[in-house]
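Peer 1: Structure provided below as structure tokens; questions to follow.
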Amino acid sequence: MCGIVGYIGSKEAYPIIINGLKRLEYRGYDSTGVVLYKEGDLALCKTKGKVADLEAISSKLAESKSTIGIGHTRWATHGEPNDVNSHPHLSNSGELAIIHNGIIENYDAIKTQLVNNGFVFHSDTDTEVLINLIEYVKQQEGVKLGKAVQIALKQVIGAYAIAVFDVKKPNEIVVAKLGSPLAIGIGEDEYFIASDATPFIEFTNNALYLEDGEMAIIRQGRELRVRNINDDIKIENPNISTLNISLDQIEKSGYDHFMLKEIHEQPDVVRDTLRGRLLVNEGVIKMSSIDDHLNKFIGAKRILIIACGTSWHAGLVGEYLIEDLARIPVEVEYASEFRYRNPIITKDDIVIPISQSGETADTLAAIKLAKEMGAFVYGICNVVGSSIARETHSGAYTHAGPEIGVASTKAFTTQLTVLALLAAKIAVSKGSISTTEFHQFINQLDAIPNKIAQVMESESKAKEIAKEYADATNFLYLGRGYNFPVALEGALKLKEISYIHAEGYPAAEMKHGPIALIDENMPVVVIAPKRGHYEKIVSNVMEIKARKGKIIAIVSKGDTEIVNLADHYIEIPDSAEPLTPMITTIPLQFLSYYIAVIRGCNVDQPRNLAKSVTVE
Ligand code: AGP
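Each residue of the sequence shown is one higher than the last, beginning at 6 in my numbering.
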């Protein structure tokens, strides 16, 4: 997720773009840049770091008085954060400039075609490929920028919100959208371009949000011309909204907290994490980071997953997935324990650290130890170019975008997504599952984003249940099999944002002690999809009911047994058991969120916690 900003009008563009980028830094902040038009030339300044770092080195642009320009703040997906990979990118001729939010899946093939036609590349980004494709089309077809953008985008697979500028046509900016947001602010004889309205809301509250597959040629002093990219049909009377929301609300997309926004982002970010990797129609999983080391995975004697907190819970689901599908022994360890217990690690081991931030000190230290002892280290991380990402031998990124809320939500479900891809890829490659089983699994995996979207409907019910239990002093979370780690994760969510004590347990463990806690004051969340050992969990629920425990059950749609035993229940869509954690965790996120809100807790920045634990 990146932030894009552009301006064309009569005001000085530089301050508008810089301030706009600062407002979009919540969307990404690892590198940034701006390009302005000035007397027949493009003045470009870009750098690794935050917008404040860009401001410190772009005083010349500040003095330029230019009235047209584009700027970008990056959340890296292709190519690590550095000066060269930051946007804007220029075409080979230096005449075209682009800023881009999204992922071009087929950039590799396009890049090869362009290299064969004499283009050279300076960065590792998919965006530089796109601007040179536009240049190539412009040269080959002899068309203007708008037409060249349109023809080029028809060759592109992926997601984009782009703004493109031609130094030879300094009175216009071309924009296009597919899968990533793009808003056009419409002022008095001026236009603003941005990922959301925060950069221009103080100048105008008239905004046009492009729809997927639309593009616009923005020219000062002229009506906005919007057209459909594919069929070239002009969009008559595009819908212009009058905004009356605050800056703060726009940053959170209208949600009260980043955590709630990020819960709702999960269908999209899980889809983004699958994008270009899960090719259902071709019946394959394509991940070069695995393919390049596939024999190592297939021949692994043992896999150790090391992580902390929510990422450790994801690792536990990973253990079930990899052992169940790929039949490779897996151990999951807290990084903080692993690094000090003098572990036995050999060169036959594969170590998989999982980390959202990529900066967790204990996990980083554990990686270094594992490497010293000869293990192959494959990381799963959300921040491109982070310390952990750079320390591992290989790895895969979750495409969750920046996670601002301290409580991990979308990081968890995207980590599970990568683990499912990894387990299935290894399993079918080593023959521990049949091709038929593999195809069934990847079809189920492909359906997960829509199923997560469906379970967003559970928000209102979770909010109602939260009202009844916001004053509880203890909670128990129970699950079995793949959903035991979800019980742990649900308990952690509640603890860290509502400050209520909660414990997660394997449901069958109740009789080994915890059932002594059960009485009418103990709410018990039971994760009981109609998969796995459903009948056994029915017995567990009956044991709790017999002792007057208050039961909140997460059940499969259409459940007829547990719904009659529980005090409250939330239904979820059915899925293959190994994939249910990506769905069952959602209602628990909502439940902890609303309990915390009712208790007046600081949901996005809970007491005593930091988003990234970079110290021991
Ligand atoms: C989870 O909600 C917490 N924010 C915390 O447990 C977190 O998962 C843990 O600190 C690990 O962070 P990482 O994934 O960035 O390494």
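Where is the CB? At the ideal position from N, CA and C, for every residue including glycine.
Contact check, G379 vs K352 under 8 angstroms by CB: the rounded distance?
Peer 2: As a position in the sequence shown, residue 379 is number 374, starting the count at 1. As a position in the sequence shown, residue 352 is number 347, starting the count at 1. About 4 angstroms; that satisfies the 8 angstroms criterion.
Peer 1: Give the straight-line distance between the Cα atoms of I136 and K143, rounded to the nearest whole angstrom.
Peer 2: Against the sequence shown, residue 136 aligns to sequence position 131. Against the sequence shown, residue 143 aligns to sequence position 138. Straight-line Cα distance between these residues: approximately 11 angstroms.
Peer 1: Give the DSSP-derived three-state secondary structure of I311 in the structure shown.
Peer 2: Your numbering for residue 311 matches position 306 in the sequence shown. Three-state result, I311: strand.
Peer 1: Is the beta carbon of L497 closer than 9 angstroms to that of T315?
Peer 2: Start at 1 with the first residue of the sequence shown, and residue 315 comes out as number 310. Start at 1 with the first residue of the sequence shown, and residue 497 comes out as number 492. A contact, by the Cβ cut-off of 9 angstroms.
Peer 1: Tell me whether I359 counts as near the ligand AGP, meaning its Cβ is closer than 8 angstroms to at least one heavy atom of that ligand.
Peer 2: As a working note, residue 359 is residue 354 in the sequence shown. Yes, the ligand AGP has a heavy atom inside 8 angstroms of this Cβ.
Peer 1: Excluding the five sequence neighbours on either side, which residues of its own chain have a C-beta within less than 8 angstroms of the C-beta of V546, listed in chain order?
Peer 2: Here the question's residue 546 lines up with position 541 in the sequence shown. So the list reads V531, A533, I556, A558, I567, L570, A571, once near-sequence residues are dropped.
Peer 1: Below 8 angstroms, is the gap between the Cβ of L497 and the nearest heavy atom of the ligand PLP?
Peer 2: Questions concerning the ligand PLP fall outside what the structure shown contains, since the ligands it does hold are the ligand AGP.
Peer 1: Below 7 angstroms CB to CB, which residues in the same chain sit around L183 once its five sequence neighbours on both sides are set aside?
Peer 2: To locate residue 183, count along the sequence shown from 1; it is residue 178. Cβ neighbours of L183 beyond the five flanking positions: A164, Y165, D217, G218.
Peer 1: In terms of residue numbering, what span does the alpha helix (DSSP H) encompassing P490 cover?
Peer 2: Here residue 490 is taken as the residue at index 485 of the sequence shown, counted from 1. Here the alpha helix (DSSP H) through P490 covers 489-503.
Peer 1: Could you give the C-beta distance for V618 and C313, rounded to a whole number, given that I count them as a contact under 8 angstroms?
Peer 2: Looking up residue 618 in the sequence shown gives position 613. Looking up residue 313 in the sequence shown gives position 308. Indeed they touch by this definition, with Cβ atoms about 7 angstroms apart.
Peer 1: Out of curiosity, what's the CA-to-CA distance linking V389 and R604?
Peer 2: The count along the sequence shown starts at 1 and reaches residue 389 at position 384. The count along the sequence shown starts at 1 and reaches residue 604 at position 599. Going from the Cα of V389 to the Cα of R604 covers about 36 angstroms.
Peer 1: Compare the beta carbon distance of C50 and G33 with 9 angstroms and say whether it is the shorter of the two.
Peer 2: One-based indexing of the sequence shown puts residue 50 at position 45. One-based indexing of the sequence shown puts residue 33 at position 28. In this structure, G33 does not lie closer than 9 angstroms to C50 by Cβ.
Peer 1: Determine which residues share a DSSP beta bridge with I245 and list them.
Peer 2: As a working mapping, residue 245 is identified with position 240 in the sequence shown. DSSP, once it has assigned bridges, lists L213 as partnering I245.
Peer 1: For a test of your reading of the model: does the CB of L614 fall under 8 angstroms from any non-hydrogen atom of the ligand AGP? Yes or no.
Peer 2: Position 609 of the sequence shown, counted from the first residue, corresponds to residue 614. Checking every heavy atom of the ligand AGP against the Cβ of L614, one is found closer than 8 angstroms.
Peer 1: Suppose you measure from the CA of N613 to the CA of Y504; what does that come to, to the nearest Å?
Peer 2: Along the sequence shown, read from residue 1 onward, the residue named residue 613 stands at position 608. Along the sequence shown, read from residue 1 onward, the residue named residue 504 stands at position 499. Distance between the alpha carbons of N613 and Y504 is about 11 angstroms.
Peer 1: Buried or exposed: where does D297 fall if 16 or more other Cβ atoms within 10 Å of its Cβ makes it buried?
Peer 2: Taking the first residue of the sequence shown as position 1, residue 297 is located at position 292. With fewer than 16 Cβ atoms within 10 Å of its Cβ, D297 is classed as exposed.
Peer 1: How many Å lie between D194 and I245 at the Cα?
Peer 2: Position 189 of the sequence shown, counting from 1, holds the residue named residue 194. Position 240 of the sequence shown, counting from 1, holds the residue named residue 245. In a straight line, the C-alpha of D194 is about 16 angstroms away from that of I245.
Peer 1: With the cut-off set at 9 angstroms, would you say F595 and A467 are in Cβ contact?
Peer 2: As a working note, residue 595 is residue 590 in the sequence shown. As a working note, residue 467 is residue 462 in the sequence shown. Yes, Cβ-Cβ distance for F595 and A467 is below 9 angstroms.
Peer 1: What residue range does the beta strand (DSSP E) around T37 cover?
Peer 2: Position 32 of the sequence shown holds residue 37. First-last of the beta strand (DSSP E) with T37: 36-43.
Peer 1: Where does L614 sit, in a helix, a strand or coil, going by DSSP?
Peer 2: Within the sequence shown, numbered from 1, the residue matching residue 614 stands at position 609. Three-state result, L614: coil.
Peer 1: Just how far apart, CA to CA, sit A110 and V161?
Peer 2: For the purposes of this step, residue 110 is identified with residue 105 of the sequence shown, where counting begins at 1. For the purposes of this step, residue 161 is identified with residue 156 of the sequence shown, where counting begins at 1. Note that residue 110 corresponds to Glu in the displayed sequence, not to Ala. Going by the C-alpha atoms only, they are around 8 angstroms apart.
Peer 1: By the DSSP assignment, the beta strand (DSSP E) with L483 in it spans what residues?
Peer 2: For the purposes of this step, residue 483 is identified with residue 478 of the sequence shown, where counting begins at 1. 479-484 is the span of the beta strand (DSSP E), which, as asked, contains L483.
Peer 1: Consider the C-beta atom of C313 and the heavy atoms of the ligand AGP; say whether any pair is separated by less than 8 angstroms.
Peer 2: Within the sequence shown, the letter at position 308 stands for residue 313. Within the cutoff, so yes.
Peer 1: At a threshold of 8 angstroms, does T3 count as lining the ligand AGP (C-beta to nearest heavy atom)?
Peer 2: With the chain covering 6 to 621 only, the question about residue 3 has no answer from this structure.
Peer 1: Grouping DSSP H, G and I as helix and E and B as strand, with all else coil, what is F126?
Peer 2: Working through the sequence shown from its first residue, we reach residue 126 at position 121. DSSP places F126 in coil when its eight states are reduced to three.
Peer 1: Alpha carbon to alpha carbon, how far is D476 from D88?
Peer 2: Translated into positions along the sequence shown, residue 476 becomes position 471. Translated into positions along the sequence shown, residue 88 becomes position 83. Spanning the two alpha carbons is a distance of roughly 51 angstroms.
Peer 1: How is the beta strand (DSSP E) around S561 delimited, first residue to last?
Peer 2: For the purposes of this step, residue 561 is identified with residue 556 of the sequence shown, where counting begins at 1. Residues 555-561.
Peer 1: Can you check whether the CB of Y141 is closer than 9 angstroms to the CB of G14?
Peer 2: As a working mapping, residue 14 is identified with position 9 in the sequence shown. As a working mapping, residue 141 is identified with position 136 in the sequence shown. Against a cut-off of 9 angstroms, the Cβ pair of Y141 and G14 comes out as no contact.
Peer 1: Within its chain, find whatever has a CB closer than 6 angstroms to the CB of D131; leave out the 5 residues flanking it on each side and keep chain order.
Peer 2: For the purposes of this step, residue 131 is taken as the residue at position 126 of the sequence shown. Around D131: H83, I109, Y112.
Peer 1: Which one of K301, R79, D236, A458 has the shortest CA to CA distance from M105?
Peer 2: The residue labelled residue 105 in the question sits at position 100 within the sequence shown. It should be pointed out that residue 105 corresponds to His in this sequence rather than to Met. Looking at the Cα atoms, R79 is the closest of the given residues.
Peer 1: Short check: CB of A319 to CB of L427, under 9 angstroms?
Peer 2: Residue numbering aside, residue 319 sits at position 314 when the sequence shown is read from its first letter. Residue numbering aside, residue 427 sits at position 422 when the sequence shown is read from its first letter. In this structure, L427 does not lie closer than 9 angstroms to A319 by Cβ.
Peer 1: Report the residue from T585, I549, K553 whose alpha carbon sits nearest the alpha carbon of V560.
Peer 2: As a working mapping, residue 560 is identified with position 555 in the sequence shown. That would be T585, whose Cα lies nearest to the Cα of V560.
Peer 1: Going by DSSP, what residue range makes up the alpha helix (DSSP H) through N545?
Peer 2: Locating residue 545 in the sequence shown gives position 540, counting from the first residue. Where N545 is concerned, the enclosing alpha helix (DSSP H) stretches over 539-551.
Peer 1: When you compare each of Y574, N387, V154, T565 to T278 by their alpha carbons, which one comes out closest?
Peer 2: Residue mapping note: residue 278 aligns to position 273 of the sequence shown, counting from 1. Considering only alpha carbons, the answer is N387.
Peer 1: DSSP on L283, reduced to helix/strand/coil?
Peer 2: If you number the sequence shown from 1, residue 283 lands on position 278. Strand at L283.
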